[in-house]
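Have a look at the structure below, then the notes.
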DNA sequence: TCAAAAACGATAATCATTATTGTTTTTGTT
DNA sequence: AACAAAAACAATAATGATTATCGTTTTTGA
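Residue numbers (this note's numbering), protein chains in the order written: chain A, 30 to 156; chain B, 30 to 156.
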């Protein structure tokens, strides 16, 4: 896996702030270092990094978000502030075995997203 | 919840074949009864039915699919044949409590999708 | 019966993403 | 270093799903 400078910069951005940015958030951030980078380049590299297995899309319908943490984990979208949090409890907790059993097939990939209100937003609400 | 004729027909289609069709699959099927229906009408009614809580989008990135079963349940996409199956085991099995605990927030909605190979496709492969 | 509201079809617009194209940069080899 | 081939790039056009607009038709309910 060789990386071009821009592709490296995209990875750096994803490492620096783990807030699961969208393609254009990534583009903005990379532009601090490479002001001329094109959104097309960002998309091209993101899909390349995905197929290399270096990053993942988290599967948000309508507007994708990217994550450099490719380990099995789960996401929580706060509907109040829009923040996306990671949940690192092991996936077995999420009933994979049960699902496989019910469906009688083989699960390769689990896409689990929770939506709700995060700690901070609940606290704010109670003021 | 009053329904127009076309809106009714959309619900009928969703009830008749629970294969989680996309908007244009629904449009095709409704056209058997109302050949003149426009795709825009299908989309307009689908989003209305969603906000009424009569149906749900299952959240497939890039190409949405709709489900008239609004009870808590989970989906399994077969990557081989493209079929979408339901998994009706109770959501508690999928670690909601654990996730809420880890995140310290309140979960309103769980979106759980598994991908893999279904029974039939595994069988076919082993021929 | 008739006016207001809702729904409609056709089509234009939007938005995220992907493809194309001609140019620039990088790489590996003499 | 020189240079040809490969990879990456910016700009922009194209795509595909979905949403918005608009003028017309249908439904509703007083």
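C-beta: ideal position from N, C-alpha, C; glycine also.
Exercise. Does residue 49 of chain A come within less than 8 Å of chain B when only Cβ atoms are used?
Worked result: Position 20 of the first chain, counted from the first residue, corresponds to residue 49 of chain A. It does not; no Cβ of chain B falls within 8 Å.
For this session: Kindly identify the DSSP beta-bridge partner or partners of residue 107 of chain A.
Result: Numbered from its first residue, the first chain carries residue 107 of chain A at position 78. Looking at the DSSP assignment, residue 107 of chain A forms a beta bridge with A/145.
Exercise. Where residue 49 of chain A and residue 125 of chain A are concerned, what is the direct C-alpha to C-alpha distance, given to the nearest angstrom?
Worked result: Reading the first chain from its first residue, position 20 is the one you call residue 49 of chain A. Reading the first chain from its first residue, position 96 is the one you call residue 125 of chain A. Spanning the two alpha carbons is a distance of roughly 24 Å.
For this session: May I have the straight-line CA-CA distance separating residue 7 of chain A from residue 102 of chain A, to the nearest angstrom?
Result: Residue numbering for chain A in the displayed model covers 30 to 156; residue 7 of chain A lies beyond these limits and cannot be assessed.
Problem set entry | 8 Å Cβ cutoff met for residue 114 of chain A and residue 104 of chain A | Taking the first residue of the first chain as position 1, residue 114 of chain A is located at position 85. Taking the first residue of the first chain as position 1, residue 104 of chain A is located at position 75. Yes.
Exercise. Are the C-beta atoms of residue 99 of chain A and some chain B residue less than 8 Å apart?
Worked result: Counted from its first residue, the first chain places residue 99 of chain A at position 70. Chain B, which has no Cβ nearer than 8 Å to the Cβ of residue 99 of chain A, makes this no.
For this session: Look at the Cβ atom of residue 74 of chain B, then the Cβ atom of residue 35 of chain B, and state whether they are nearer than 8 Å.
Result: Within the second chain, numbered from 1, the residue matching residue 74 of chain B stands at position 45. Within the second chain, numbered from 1, the residue matching residue 35 of chain B stands at position 6. Going by C-beta atoms, residue 74 of chain B is nearer than 8 Å to residue 35 of chain B.
Problem set entry | Chain-order list of residues whose beta-carbon lies under 7 Å from that of residue 7 of chain A (same chain, five-residue window excluded) | Only positions 30 to 156 of chain A appear in this structure, which leaves residue 7 of chain A out of reach.
Exercise. How about residue 147 of chain B and residue 93 of chain B: do their beta carbons lie closer than 8 Å?
Worked result: The sequence position of residue 147 of chain B within the second chain is 118, counting from 1. The sequence position of residue 93 of chain B within the second chain is 64, counting from 1. The answer is no: Cβ separation not under 8 Å.
Problem set entry | chain B contact residues for residue 93 of chain A, given Cβ-Cβ distances below 8 Å | In the first chain, the residue the question calls residue 93 of chain A occupies position 64. Here the neighbours are 90.
Problem set entry | residue 72 of chain A, enclosing alpha helix (DSSP H) - first and last residue | Your numbering for residue 72 of chain A matches position 43 in the first chain. First-last of the alpha helix (DSSP H) with residue 72 of chain A: 68-80.
Exercise. To the nearest whole angstrom, what separates the beta carbons of residue 109 of chain A and residue 150 of chain A, a pair I think is in contact under 8 Å?
Worked result: For the purposes of this step, residue 109 of chain A is identified with residue 80 of the first chain, where counting begins at 1. For the purposes of this step, residue 150 of chain A is identified with residue 121 of the first chain, where counting begins at 1. Confirmed, about 4 Å.
Problem set entry | Simplified DSSP state of residue 34 of chain B, which is helix, strand or coil | Locating residue 34 of chain B in the second chain gives position 5, where the first residue counts as 1. In the structure shown, residue 34 of chain B sits in a helix (DSSP, three-state: H, G or I).
For this session: Please state whether DSSP places residue 44 of chain A in a helix, a strand or coil.
Result: In the first chain, residue 44 of chain A corresponds to position 15, counting from 1. Shown here, residue 44 of chain A sits in a helix according to DSSP, grouped into three states.
Exercise. For residue 137 of chain A versus residue 118 of chain B, is the C-beta distance shorter than 8 Å?
Worked result: Counted from its first residue, the first chain places residue 137 of chain A at position 108. Counted from its first residue, the second chain places residue 118 of chain B at position 89. With contacts defined as CB atoms closer than 8 Å, residue 137 of chain A and residue 118 of chain B fail to qualify as a contacting pair.
For this session: Taking only beta carbons into account, state which residues of the region 111-133 of chain B come closer than 7 Å to chain A, listed in chain order.
Result: The residues in question are 114, 116, 118, 122, 123, 124, 127, 128, 131, 132, 133.
Problem set entry | Spatial neighbours of residue 140 of chain B in its chain, beta-carbon cut-off 6 Å, leaving aside the 5 residues before and after | Reading the second chain from its first residue, position 111 is the one you call residue 140 of chain B. Take residue 140 of chain B, set aside five residues on each side of it, and the residues of its chain with a beta-carbon closer than 6 Å to its own are 88, in chain order.
Problem set entry | Residues near residue 82 of chain A in its chain [Cβ-Cβ closer than 8 Å; skip 5 each side] | Here residue 82 of chain A is taken as the residue at index 53 of the first chain, counted from 1. The answer, listed in chain order, is 99.
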